[in-house]
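Colleague: For the sequence shown, position 44 (counting from the first letter as 1) is numbered 44 according to the UniProt record's numbering, and the numbering increases by one without interruption.
We put the beta carbon where it would ideally sit given N, CA and C, even for glycine.
This one's a predicted model, so the numbers in the text were calculated from it and none came from an experiment.
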Amino acid sequence: MDCWTTSVKVDEEFEKFVIRMNPPRVTVDNASSRKTTLIKVDSANKRGSLLEVVQILTDMNLIIRRAYISSDGEWFMDVFHVTDQHGNKLYEDDVAERIQQSLGPRARSFRSMRSVGVQAALEYNTIELTGRDRPGLLSEIFAVLTDHKCNVVAAEVWTHSSRMASVVYITDETTGSPIDDPDRLARIEQLLLSVLMEDRDRRSANTAVSVGGTHTERRLHQMMYADRDYDMMNLNSVGRGSNHHRKPLVTVENCSERGYTVVNLCCPDRPKLLFDTVCTLTDMQYVVYHATVIAEGPEAYQEYFVRHTDGCPISSEAERQRLIHCLEAAIKRRTSEGIRLELCSDDRIGLLSDVTRIFRENGLSVTRAEVTTRGSQAVNVFYVIDSAGNPLKSERIEAVRKEIGLTILRVKEEEYSMTSSPPPKESGRFSLGNIFKSRSEKFLYNLGLIKSYS
């Protein structure tokens, strides 16, 4: 074992020791705000602390209305103003305990497996796919899995900038257990790769099969980032799945007197927006030292004070532009265009293959999908557009619904659409510091350390 490996192991063990000696402290305050519940988290600081907390709150389906972050030094203190999905305060007695357990050292495996309805106790194979998006691709993927006696337990599919990434959880159709035959898995993987590579553009077609779980949405961000969906050549390409919504406003500037890079972001608010941006900053090797998030209206404002993991701010124009493009891509990946279709029916083998085949035969393409199994019920969401790029007429949707079942497939308007808010005035750089006179004073106020702020 070399010196570097030994040093890393020592650092990891020391970090675990510090966390055991200083476990995260979570408090829930329903008295300080009339409209929101305040969740305060403080603990010994370590890399990725902010993402862990935001990921847990997101997985609990909480809506973050405001957040004040401070993690400069050996300790981090975060304050989140949250509501449930209906805009109500939280009154469950065990909220603080659930968050604290999720942050504890024994909860790492729990955190890694939460998403898309897959429970940590289940065993399954995980399939990861990336490639160029095209009409009918999802139908072909599910057809391969059905033909090879695979049951899809859950899945999530994202498309952005003509690229597709998906994480699919499968079991053996007969046993309900993970497939343990390596030859069978290799055949499935090779067939899926062939499906992904049918298009003439074979760049970055990829498949991977494993046993176990991952945090699906975090992994999808990582896969699309590795696939360079933020690349301007892709963003400028015209084709199916390209997103014509207005761009988020992202600015990146150095604060030379304090040695930080200041990242400002403004776009229409939607659930999980904070998770998407923090996930991207973390995976791009940036550390958030301070942040303020305001998302109480149709627009969300986020301001981050960051440095690279080496302790330095951004040092080049190329790096600045890359961070801007990556944050724009992270925001737009989850904001899929199209009509939202919700499917709820008794689960059965081949259901997804049949439904996506009907979509394809009626000229519909899926831009995003969330597949969940709840007991014996399949609860799936699809965002669909016209494969040829034409406006999607209601007659086509109704024809598909009649073929699948009017009570099974329902149409729901997308509540959080990028087109729901008018574009902001072109005012160039904005700063939350101009909106709120004293971020640090407000942060201390919400911690209860001062009685008022100016």
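Once the 5 residues before and after leucine 50 are set aside, which same chain residues still bring their CB inside 8 Å of it?
Modeller: Answer for leucine 50: Ile69, Ser71, Phe76, Asp78, Val278, Thr282, Val288 and Ala291, listed in chain order.
Colleague: For leucine 196, tell me which candidate among Ser256, Arg134 and Lys149 has the shortest Cα-Cα distance.
Modeller: Comparing Cα-Cα distances from leucine 196 to each of Ser256, Arg134 and Lys149, the minimum goes to Arg134.
Colleague: Tell me the rounded alpha-carbon separation between threonine 373 and cysteine 255.
Modeller: One C-alpha to the other measures close to 48 Å.
Colleague: Spatial neighbours of leucine 249 within its chain, please: CB distance less than 6 Å, with the 5 preceding and 5 following residues excluded, ordered by chain position.
Modeller: So the list reads Cys266, once near-sequence residues are dropped.
Colleague: By the three-class DSSP mapping on this structure, what secondary structure does residue 479 have?
Modeller: Residue 479 cannot be examined here, being either before or after the span of the chain that is shown, 1 to 454.
Colleague: If you run the structure through DSSP and keep just helix, strand and coil, what is proline 178?
Modeller: Proline 178: coil per DSSP, three-state reduction.
Colleague: Measuring CB atoms only, is the stretch 88-98 touching the stretch 33-40, in the sense that at least three cross pairs come out at less than 8 Å?
Modeller: As far as the Cβ criterion goes, the stretch 88-98 touches the stretch 33-40, which means the pair count is three or higher.
Colleague: Could you check where the beta strand (DSSP E) with threonine 83 kicks off and where it finishes?
Modeller: Element bounds for threonine 83: 75-83.
Colleague: Under 8 Å by Cβ, that's how I've got threonine 216 and leucine 193 pegged, so tell me the actual separation to the nearest angstrom.
Modeller: Rounded, the Cβ-Cβ distance is 21 Å, inconsistent with contact.
Colleague: Keeping to the same chain, check which residues put their C-beta closer than 8 Å to that of arginine 396; ignore five residues upstream and five downstream.
Modeller: Counting only Cβ-Cβ distances below 8 Å, and skipping sequence neighbours, we find Asn362, Gly363, Leu364 and Asp386.
Colleague: Could you round the C-beta distance between isoleucine 99 and valine 26 to whole angstroms and report it? I think they count as a contact, below 8 Å.
Modeller: The pair is a contact, with the Cβ atoms about 5 Å apart (cut-off 8 Å).
Colleague: Pull up the DSSP beta-bridge partners for threonine 251, would you.
Modeller: In the DSSP output, where bridge partners are listed per residue, threonine 251 has Asn264.
Colleague: Leaving out five residues on either side along the sequence, give the residues of the same chain with a beta carbon under 6 Å from the beta carbon of alanine 165.
Modeller: For alanine 165, where only same-chain residues beyond five positions count, the Cβ hits under 6 Å are Thr130, Trp158, Leu220, Met223 and Met224.
Colleague: Between the stretch 305-321 and the stretch 341-350, do at least 3 Cβ pairs fall closer than 8 Å?
Modeller: No, the stretch 305-321 does not touch the stretch 341-350.
Colleague: How far does the alpha helix (DSSP H) with leucine 327 in it reach, from first residue to last?
Modeller: Unbroken alpha helix (DSSP H) run through leucine 327: 317-333.
Colleague: Grab me the residues of aspartate 42's own chain with a C-beta within less than 6 Å of its C-beta, minus the 5 sequence neighbours each way, in chain order.
Modeller: Same-chain partners within the cutoff: Arg25 and Met77.
Colleague: Let me check one thing: in DSSP terms, what residues is glutamine 377 bridge-paired to?
Modeller: Beta-bridge pairing links glutamine 377 to Asp346 and Arg374.
Colleague: Since glutamine 302 is in the beta strand (DSSP E), which residue starts that stretch and which ends it?
Modeller: Looking at the DSSP string, the run of the beta strand (DSSP E) that includes glutamine 302 is 299-308.
Colleague: Could you check which residue in Gly176, Asp147, Val144 and His160 has the C-alpha nearest to that of valine 153?
Modeller: Checking every option, the nearest Cα to that of valine 153 belongs to Gly176.
Colleague: With DSSP as the reference, label arginine 163 as helix, strand or coil.
Modeller: In the structure shown, arginine 163 sits in a strand (DSSP, three-state: E or B).
Colleague: Name the DSSP beta bridge partners of isoleucine 39, please?
Modeller: DSSP lists Val28 and Phe80 as partners of isoleucine 39.
Colleague: Measure from the alpha carbon of threonine 171 to the alpha carbon of each residue in His160, Ser161 and Leu185, then state which is nearest.
Modeller: That would be Leu185, whose Cα lies nearest to the Cα of threonine 171.
Colleague: Can you tell me whether isoleucine 402 is helix, strand or coil according to DSSP?
Modeller: Checking the sequence shown, residue 402 turns out to be lysine, not isoleucine. Lysine 402 falls in the helix class under three-state DSSP.
Colleague: Under a three-way DSSP split, which group does alanine 226 fall into?
Modeller: Note: alanine 226 maps to helix in three-state DSSP.
Colleague: With H, G and I counted as helix, E and B as strand and the rest as coil, what does DSSP make of threonine 126?
Modeller: Correct three-state label for threonine 126: strand.
Colleague: Given a cut-off of 9 Å, decide if leucine 90 and valine 28 are closer than it, judged by their beta-carbon atoms.
Modeller: The answer is yes: Cβ separation under 9 Å.
Colleague: Starting from arginine 98, follow the alpha helix (DSSP H) in both directions and report where the run begins and ends.
Modeller: Unbroken alpha helix (DSSP H) run through arginine 98: 95-103.
Colleague: Output the distance between the C-alpha atoms of isoleucine 331 and alanine 295, rounded to the nearest integer angstrom.
Modeller: Rounded to the nearest angstrom, the two C-alpha atoms are 15 Å apart.
Colleague: With respect to the alpha helix (DSSP H) encompassing serine 49, which residues constitute its N-terminal and C-terminal limits?
Modeller: First-last of the alpha helix (DSSP H) with serine 49: 49-59.
Colleague: Considering only C-alpha positions, which residue in the set Gly136, Leu273 and Ser139 is nearest to aspartate 59?
Modeller: Of the listed residues, the one whose Cα sits closest to aspartate 59 is Leu273.
Colleague: Please report the residue range of the beta strand (DSSP E) in which alanine 291 lies.
Modeller: Alanine 291 -> beta strand (DSSP E) spans 286-294.
Colleague: Can you give the beta carbon distance from arginine 334 to aspartate 276, rounded, assuming they're within the 8 Å contact cut?
Modeller: Yes, they are in contact, since the Cβ atoms of arginine 334 and aspartate 276 sit about 6 Å apart, within 8 Å.
Colleague: Under 9 Å between the Cβ atoms of alanine 329 and aspartate 229?
Modeller: Yes, Cβ-Cβ distance for alanine 329 and aspartate 229 is below 9 Å.
Colleague: Could you check the C-alpha separation between isoleucine 324 and threonine 280 for me, to the nearest Å?
Modeller: Whole-angstrom Cα-Cα distance: 11 Å.
Colleague: Could you tell me the distance, in whole angstroms, from the CA atom of proline 23 to the CA atom of leucine 57?
Modeller: Cα to Cα, proline 23 sits roughly 18 Å from leucine 57.
Colleague: Between the Cα of arginine 410 and the Cα atoms of Val384, Val381, Glu189 and Glu342, which residue gives the shortest distance?
Modeller: Of Val384, Val381, Glu189 and Glu342, the residue nearest in Cα terms is Glu342.
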